[in-house]
Amino acid sequence: MYENQVEGIFNKILIGTNIFLNRDVLRHDYIPEILPHRDEQINRLAGILAPALNHSKISNIFIYGKTGTGKTAVSKFVLSALENKAREVEPLLKISYINCRLTGTNYRVLADICRSLGIEVPFTGLAVGELFNRILKFLNQQKCSLVVVLDEIDALVRKDEDNNLLYELTRINENLNSNWVGLICVSNDLHFKEFLDARILSCLSEEEVVFKPYLANELYDILLIRVKEAFHNDVIDFSSLKLCAALAAGEHGDARRALDLLRVAGELAEREGIEKVKEDHIRLAQKKIEHDRVSEALSSLPLHSKIVIVVTFLLNNFMPKEGVITGNIFEIYKELCKSIELEPLTQRRVSGLINELDLLGILNARVVSFGRFGRTKKIRLGVSPRTVLDVLSEDEVVGGLFQYIPKCLPKRR
DNA sequence: CCTCCACTGGAAACCTAGGCTC
DNA sequence: GAGCCTAGGTTTCCAGTGGAGG
Numbered sequence: 050m051y052e053n054q055v056e057g058i059f060n061k062i063l064i065g066t067n068i069f070l071n072r073d074v075l076r077h078d079y080i081p082e083i084l085p086h087r088d089e090q091i092n093r094l095a096g097i098l099a100p101a102l103n104h105s106k107i108s109n110i111f112i113y114g115k116t117g118t119g120k121t122a123v124s125k126f127v128l129s130a131l132e133n134k135a136r137e138v139e140p141l142l143k144i145s146y147i148n149c150r151l152t153g154t155n156y157r158v159l160a161d162i163c164r165s166l167g168i169e170v171p172f173t174g175l176a177v178g179e180l181f182n183r184i185l186k187f188l189n190q191q192k193c194s195l196v197v198v199l200d201e202i203d204a205l206v207r208k209d210e211d212n213n214l215l216y217e218l219t220r221i222n223e224n225l226n227s228n229w230v231g232l233i234c235v236s237n238d239l240h241f242k243e244f245l246d247a248r249i250l251s252c253l254s255e256e257e258v259v260f261k262p263y264l265a266n267e268l269y270d271i272l273l274i275r276v277k278e279a280f281h282n283d284v285i286d287f288s289s290l291k292l293c294a295a296l297a298a299g300e301h302g303d304a305r306r307a308l309d310l311l312r313v314a315g316e317l318a319e320r321e322g323i324e325k326v327k328e329d330h331i332r333l334a335q336k337k338i339e340h341d342r343v344s345e346a347l348s349s350l351p352l353h354s355k356i357v358i359v360v361t362f363l364l365n366n367f368m369p370k371e372g373v374i375t376g377n378i379f380e381i382y383k384e385l386c387k388s389i390e391l392e393p394l395t396q397r398r399v400s401g402l403i404n405e406l407d408l409l410g411i412l413n414a415r416v417v418s419f420g421r422f423g424r425t426k427k428i429r430l431g432v433s434p435r436t437v438l439d440v441l442s443e444d445e446v447v448g449g450l451f452q453y454i455p456k457c458l459p460k461r462r
């Protein structure tokens with residue numbers, strides 16, 4: 050009899066509920082067949098890449114635009130079309146797609162390129178130059194050309210200050226014979242050019258394609274197409290869709306955000322057992338996405354950062370008026386570490402952790418000067434204390450620390 | 001105008017854990 | 001197994017600093 054019950058649940062999923070027809074259509078990595086309001090960019094990109102089919106080297110391309118403006122979708126769309134065409138026409142063309150923010154370091158970018166070419170490499174241990182040589186050797190042996198897409202390249206440039214990797218990549222063609230390597234750099238950050246060496250920049254941006262944020266009516270068109278594939282008929286009405294587009298347009302025209310809103314709103318309605326997505330669902334979805342983002346960020350922090358958050362939380366409760374400074378945090382932090390028999394980090398490091406948390410928006414830290422009484426950072430929580438308590442009290446190690454009463458409460462200032 | 005606090009934040013060295021080549 | 005490479009986190013050291021109080 051249980052079998053029947055369970056089968057019922059499975060079947061429900063298989064058949065689909067009365068809301069979603071195909072949820073995947075709303076995922077970030079879904080590449081639709083039609084990309085509204087991006088004809089200009091698609092044509093530009095295709096025009097620049099076309100010479101590849103003729104064995105000619107393509108110009109390096111720089112693509113700018115904020116998150117959710119269609120950069121990734123358009124480039125993947127055009128490149129997969131290129132790849133298909135190249136297979137028909139003969140020239141050996143490989144495409145490596147690298148997300149620099151996920152990849153993180155020079156070494157791993159090269160390692161990823163290697164893997165996408167089918168060269169096995171260890172995840173650490175080799176000199177960067179060695180990886181370079183292996184790629185060169187492979188390309189020369191196979192007589193094949195390569196297009197590398199470096200998505201979110203700003204993340205990489207900030208870490209690698211001399212831009213060694215980019216410099217080497219721009220010069221790689223000097224060591225190739227008739228084949229070539231073309232670079233497509235994609236950046237979210239419009240000011241990031243300033244970090245680049247002028248020579249590298251001029252080499253990388255032989256062509257530039259700019260993606261402007263979507264306007265509310267453009268987002269609406271995008272949503273309209275997806276809605277037909279993602280939802281059953283009449284699940285979402287005109288006004289909810291308008292609201293969705295308007296909210297996302299407020300967030301610098303982010304299509305990704307608009308699709309998230311739609312998906313989460315659908316899930317909320319589904320859970321309520323209602324067969325219509327209403328405006329309230331969209332508004333709730335907005336809140337839920339924000340809450341989930343914070344929870345996710347909090348729970349995935351390293352241990353010492355979590356402790357720093359707990360300390361800030363506690364001090365915020367015990368002395369809400371005074372404002373918490375680095376010295377306070379470090380004192381209590383040491384107490385907490387002792388209470389769970391953990392070796393504390395140095396003050397320098399904790400100060401660094403506070404900066405990292407500030408960057409994530411979990412803490413707000415501001416440098417202030419108390420004149421005679423020194424210069425330090427004033428720190429407060431950047432997210433609601435409720436969320437901190439909810440998320441971190443579930444934590445095995447840190448959860449118990451919320452009961453702690455600081456021994457030496459800092460003096461008033 | 002000078003002092004001096006309580007740090008800030010840069011730089012470099014160090015450590016661990018992996019892996020290569022010879 | 002020595003001697004080299006990698007990443008990533010941390011410690012050590014220290015010059016620099018905004019501004020209240022003398």
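In terms of my numbering, the first sequence has 289 at position 240, counting the first letter as 1, and numbering is strictly consecutive. Idealized CB from N, CA, C, for every residue including glycine.
A straight-line Cα-Cα distance of about 27 Å links Ala298 and Ile323.
Linking Gly401 to Val343 through their CA atoms gives a straight-line distance of about 20 Å. Runs of the alpha helix (DSSP H) lying entirely within the region 96 to 161 and spanning at least 4 residues, in chain order: 120 to 138, 149 to 152. Taking the Cα positions, Ala204 is about 9 Å away from Thr152. DSSP lists Val326 as the beta-bridge partner residues of Ile285. Taking a C-beta distance under 7 Å as the contact criterion, Val198 and Ile233 qualify as a contact pair.
Look at the beta carbons and you see the region 95 to 110 touching the region 119 to 135: at least three pairs across the two are nearer than 8 Å.
Taking a contact to require three or more Cβ pairs closer than 8 Å, the region 186 to 193 and the region 112 to 128 do not qualify as touching. Looking from the CA of Val259, the closest CA among Ile91, Val284, Glu345 belongs to Ile91. Three or more Cβ pairs drawn from the region 311 to 318 and the region 328 to 345 lie within less than 8 Å of each other, which places the two stretches in contact. For Ala304, no beta strand (DSSP E) run applies; the uninterrupted alpha helix (DSSP H) run containing it begins and ends at 304 to 321, by DSSP. Assigned with DSSP and collapsed to three states, Gly231 falls in strand. Looking only at Glu392, Asp309, Val138, Leu250, the smallest Cα-Cα distance to Arg76 is reached by Asp309. Within the region 346 to 426, the complete beta strand (DSSP E) segments at least 3 residues long are 412 to 418, listed from N- to C-terminus.
Of the residues assessed, Ala414 falls on the buried side of the cut-off, its CB having 16 or more other CB atoms within 10 angstroms. By the Cβ rule, the region 134 to 146 does not count as touching the region 270 to 282, because fewer than three pairs are nearer than 8 Å. For Val440, the uninterrupted alpha helix (DSSP H) run begins and ends at 434 to 441, by DSSP. By the neighbour-count criterion, in which 16 or more other beta carbons inside 10 Å mark a residue as buried, Pro262 falls on the buried side. Contact annotation: Leu225 and Cys193 have beta-carbon atoms that are not nearer than 7 Å. As the crow flies, the alpha-carbon of Thr118 is around 26 Å from that of Val230. The shortest C-alpha to C-alpha distance from Phe126 to any of Ile285, Asp78, Ser105, Asn148 is the one to Asp78. Annotation for Lys426: Thr375, Ala414, Val416 place their beta carbon closer than 6 Å to its own, counting only its chain and skipping 5 residues before and after.
Counting along the chain, Leu253 sits inside the alpha helix (DSSP H) bounded by residues 247 to 253. Taking C-beta atoms as the reference points, Lys456 and Glu384 count as a pair closer than 7 Å. Note on geometry: alpha-carbon atoms of Leu215 and Lys291 lie some 43 Å from one another. The distance from the Cβ of Lys120 to that of Val235 is about 5 Å, consistent with a contact at the 8 Å cut-off. In this structure, the straight-line span from the alpha carbon of Ile428 to that of Asp439 is close to 21 Å.
Under the three-state reduction of DSSP output, Glu201 falls in the coil class, being neither helix nor strand. In terms of Cα proximity to Arg397, the closest of Asp407, Leu391, Phe379, Ile389 is Phe379. Beta-bridge pairing by DSSP links Ile428 to Val373, Ala414.
Between Leu450 and Val359, the gap from beta carbon to beta carbon is short of 7 Å. Assignment of beta-bridge partners to Leu195 by DSSP yields Lys143, Val230. DSSP, reduced to helix, strand and coil, places Glu257 within a strand of the structure shown. In terms of CA proximity to Ser433, Phe362 leads the group Val447, Arg421, Phe362. With a beta-carbon spacing of about 5 Å, Glu328 and Ser289 fall inside the 8 Å limit used to define contacts. Here Tyr51 is exposed: its Cβ has fewer than 16 other Cβ atoms, across all protein chains shown, within 10 Å.
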